[in-house]
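Here the structure comes first, spelled out in structure tokens, and everything after it is commentary.
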Amino acid sequence: MTLQMPQPDRATLNRSDEITAELKRIAGEEAVIADEDGRRTFETDGLTAYRAMPLAVVLPDTTDMVAEVLRYCHREKIKVVARGAGTSLCGGALPLEDAVVVGVSRMNKVLEIDYDNRIARVESGITNLAISNAVSDEGFFYAPDPSSQLACTLAGNLAMNSGGAHCLKYGVTTNNVLGAKVVLMDGEILELGGPHLDAEGYDLLGLMIGSEGQFGIITEATVRILRAAEGARPMLLGFDSSEAAGACVSAIIATGIIPVAIEFMDRPAIEVCESFAKAGYPMDAEALLIVEVEGSEEEINDRLAQISCIAAAYNPTTIQVSSGASQSAKIWKGRKSAFGAIGRISDYYCMDGTIPLSRLPEVLRGISDICASHKLRVANIFHAGDGNLHPLILYDANDPSSAERAELAGAEILTLCVEVGDCLTGEHGVGIEKRDLMLKQFTETDLSLQMRIKSVFDPDWLLNPGKVFPLHLTVHSGTSNAA
């Protein structure tokens, strides 16, 4: 693969023993991982094509400990990479050889639940699913549900502003977070927002969510919890072309109906996911939509009937409504397990871009043509309702030529997303994967302003360097995050 990272600072590497000893003094022996085998566990994230052994790993269990570690690293000008569960698919948690990884996985407690005001205060190392499990007995849930919700932490979701299948109705992370506790690079602890709808002053919380660990490390958050609907039921709509499925999605949204989710799979994805989950997906379809609605039984039946009528105009090969909870669970198991199911048959490069819904049929054709031109297969699985695409480009990781062609195809797909009027990323973030494509969407003036904001929070560019911004611009601007 071809993406470059900043050259490590040799002076920092030569001080590794001294740095490790001081980190152990600050955080305790048990919180610091310095041996080679231990550090290797953290050498990559979900973008496994890239690896770097970190200088050391610290796993604090309190906000104050995070602050002490950052205060020391700031004083000694040591780079820091924040990490949740390491599920980032854009290289957002990829370490550097001369950087200390600060992981929040041990900070995973529910600190407070207020059902009257429908909020929960939690540590950022908790998983999304664990938040929902903590409040489910009272009939509540936490809405953002990425496919990795069993493993991914709130910290990573906050960093990338992640969403999930049900974001069509409930929004993404930023729509479900009211407050956060943030540790800046110099060790200062900020309280942003709080247990109320609108905080006074500038929207610094909105600025922090989606900042990819560039501004600070979020250690706690106050999140919305929502009352669960009376019921929910998905339906399967099969079509003889991806274009017909895409047109159907646009038609459903155009009527004003907002399902809780609309998910898309093409034939390669259908076949793999059905083999894994035995969900009853139609094997004769070229494209499949999973459309879920919720409410009372009467509301569900009415909405599904309306959607069936809309779909009929696009000559569906299958219209199948879930018969009950067991089948609904299987349908969602297939979708939620899709990335893992694809991984059983091939290495894949998971893309993440957004497009206007009206351009969906055109973009699907473009994705197919781009991958065919690079002699690669593609499986399309994405959140069709809000235009967030996740094409999976299949390649052979053991073949450098195949890996390079996959990366080139991915860049062309993301460029296409921008050309049709939307953006490079929906929920995975920029990281290193899209860093060098940022000029496809932004001018140098745009990026200069973004970098100035970065410098306000982290003047020495020690937090998660080498990510988000093209390296040649950061060098030109005089910042210190690249060699």
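Take the sequence shown: its letters are residues 0 to 482, numbered as in numbering that gives the first Met the number 0. Glycine is no exception: its CB is placed at the ideal position from the N, C-alpha and C atoms.
Among the options, the one whose alpha carbon lies nearest that of residue i
{"i": "Gly409", "options": "Asn397, Ser135, Leu423 and Pro399", "result": "Leu423"}
{"i": "Cys416", "options": "Pro360, Gly465, Ala20 and Gln305", "result": "Pro360"}
{"i": "Ala402", "options": "Arg38, Ala26, Ala48 and Glu28", "result": "Ala48"}
{"i": "Leu88", "options": "Tyr348, Ala198 and His382", "result": "Tyr348"}
{"i": "Pro267", "options": "Leu375, Phe214, Ala220 and Leu203", "result": "Leu375"}
{"i": "Leu407", "options": "Ala150, Phe140 and Asp435", "result": "Asp435"}
{"i": "Lys168", "options": "Asp144, Leu153, Cys151 and Leu191", "result": "Asp144"}
{"i": "Val56", "options": "Pro94, Ala227 and Thr442", "result": "Pro94"}
{"i": "Gly138", "options": "Ala33, Arg404 and Asp115", "result": "Asp115"}
{"i": "Ile330", "options": "Val292, Phe441, Ala142 and Pro233", "result": "Pro233"}
{"i": "Ala198", "options": "Gly465, Leu177, Phe468 and Leu149", "result": "Leu177"}
{"i": "Phe456", "options": "Thr442, Asp351, Ile188 and Ile344", "result": "Ile188"}
{"i": "Ala220", "options": "Val320, Val103 and Gly37", "result": "Val103"}
{"i": "Asp239", "options": "Glu291, Thr317 and Glu297", "result": "Thr317"}
{"i": "Gly342", "options": "His382, Ser274 and Gln148", "result": "Ser274"}
{"i": "Arg358", "options": "Gly294, Ala383, Pro7 and Glu411", "result": "Ala383"}
{"i": "Val259", "options": "Ala340, Ala164 and Ala10", "result": "Ala164"}
{"i": "Ala337", "options": "Tyr141, Asp301, Ser146 and Glu298", "result": "Ser146"}
{"i": "Leu487", "options": "Val467, Glu21, Met450 and Ala133", "result": "No answer is possible for residue 487: it lies beyond the span of the chain, which begins at 0 and ends at 482."}
{"i": "Ile257", "options": "Arg9, Pro399, Ala405 and Ile299", "result": "Ile299"}
{"i": "Ile252", "options": "Arg223, Gln305 and Pro399", "result": "Gln305"}
Helix, strand or coil at residue i [DSSP, three-state]
{"i": "Ala482", "result": "Bear in mind that a pLDDT of 34 at Ala482, under 50, signals an unreliable position, so the number given afterwards is only what the model happens to contain. It is coil, neither helix nor strand."}
{"i": "His382", "result": "strand"}
{"i": "Asp44", "result": "coil"}
{"i": "Pro390", "result": "strand"}
{"i": "Cys422", "result": "coil"}
{"i": "Arg232", "result": "strand"}
{"i": "Met282", "result": "coil"}
{"i": "His475", "result": "Residue placement at His475 is poorly supported in this model, since its pLDDT is 44, which falls under 50; the coordinates still yield a value, given next. Helix at His475."}
{"i": "Met159", "result": "helix"}
{"i": "Val100", "result": "strand"}
{"i": "Val134", "result": "helix"}
{"i": "Thr254", "result": "coil"}
{"i": "Ile77", "result": "coil"}
{"i": "Ile532", "result": "Shown here, the chain extends from 0 to 482; a query on residue 532 therefore has no answer."}
{"i": "Gln319", "result": "strand"}
{"i": "Val56", "result": "strand"}
{"i": "Met207", "result": "helix"}
{"i": "Met264", "result": "strand"}
{"i": "Ala179", "result": "strand"}
{"i": "Val248", "result": "helix"}
{"i": "Leu88", "result": "coil"}
{"i": "Cys151", "result": "coil"}
{"i": "Arg117", "result": "coil"}
{"i": "Val271", "result": "helix"}
{"i": "Leu110", "result": "strand"}
Per-residue burial, residue i [other beta carbons within 10 Å of its own, 16 or more giving buried]
{"i": "Asn480", "result": "Reliability fails at Asn480, whose pLDDT of 43 lies under 50, so the model's placement of it is uncertain and no value is given."}
{"i": "Asn379", "result": "buried"}
{"i": "Thr86", "result": "buried"}
{"i": "Ile125", "result": "buried"}
{"i": "Pro390", "result": "buried"}
{"i": "Pro281", "result": "buried"}
{"i": "Leu12", "result": "exposed"}
{"i": "Cys308", "result": "exposed"}
{"i": "Asn397", "result": "exposed"}
{"i": "Ala312", "result": "exposed"}
{"i": "Glu492", "result": "The question about residue 492 has no answer here: the residues shown for the chain are numbered 0 through 482."}
{"i": "Leu388", "result": "buried"}
{"i": "Gln148", "result": "buried"}
{"i": "Met450", "result": "buried"}
Beta-carbon spacing of residue i, residue j below 8 Å
{"i": "Gly186", "j": "Leu54", "result": "no"}
{"i": "Ala284", "j": "Gly237", "result": "yes"}
{"i": "Ile216", "j": "Thr173", "result": "no"}
{"i": "Leu288", "j": "Glu262", "result": "yes"}
{"i": "Val377", "j": "Ile392", "result": "yes"}
{"i": "Leu413", "j": "Ser249", "result": "no"}
{"i": "Asn463", "j": "Glu211", "result": "yes"}
{"i": "Asn127", "j": "Ala243", "result": "no"}
{"i": "Gly386", "j": "Asp421", "result": "yes"}
{"i": "Glu443", "j": "Leu470", "result": "no"}
{"i": "Gly333", "j": "Cys272", "result": "yes"}
{"i": "Gly294", "j": "Glu229", "result": "yes"}
{"i": "Phe140", "j": "Arg82", "result": "no"}
{"i": "Arg31", "j": "Thr19", "result": "The sequence given here places Val at residue 31; Arg does not occur at that position. Contact flag set, yes."}
{"i": "Ser241", "j": "Asp202", "result": "no"}
Counting Cβ pairs, one atom from each stretch, are 3 or more of them under 8 Å apart for the segment 147-160 and the segment 423-438?
The segment 147-160 vs the segment 423-438: in contact.
Below 8 Å, can you find three or more Cβ-Cβ pairs linking the segment 66-78 to the segment 91-110?
Taking a contact to require three or more Cβ pairs closer than 8 Å, the segment 66-78 and the segment 91-110 qualify as touching.
Pairing CB atoms from the segment 428-440 with CB atoms from the segment 180-197, are three or more of them under 8 Å?
Contact between the segment 428-440 and the segment 180-197 is absent: fewer than three C-beta pairs spanning the two stretches fall below 8 Å.
For the segment 121-134 and the segment 104-112, state whether three or more C-beta atom pairs, one from each stretch, are separated by less than 8 Å.
Contact annotation: the segment 121-134 touches the segment 104-112, with at least three C-beta pairs closer than 8 Å.
Count the CB pairs spanning the segment 53-67 and the segment 16-35 that are closer than 8 Å, and state whether there are at least three.
Three or more beta-carbon pairs separated by less than 8 Å link the segment 53-67 to the segment 16-35, which places the two stretches in contact.
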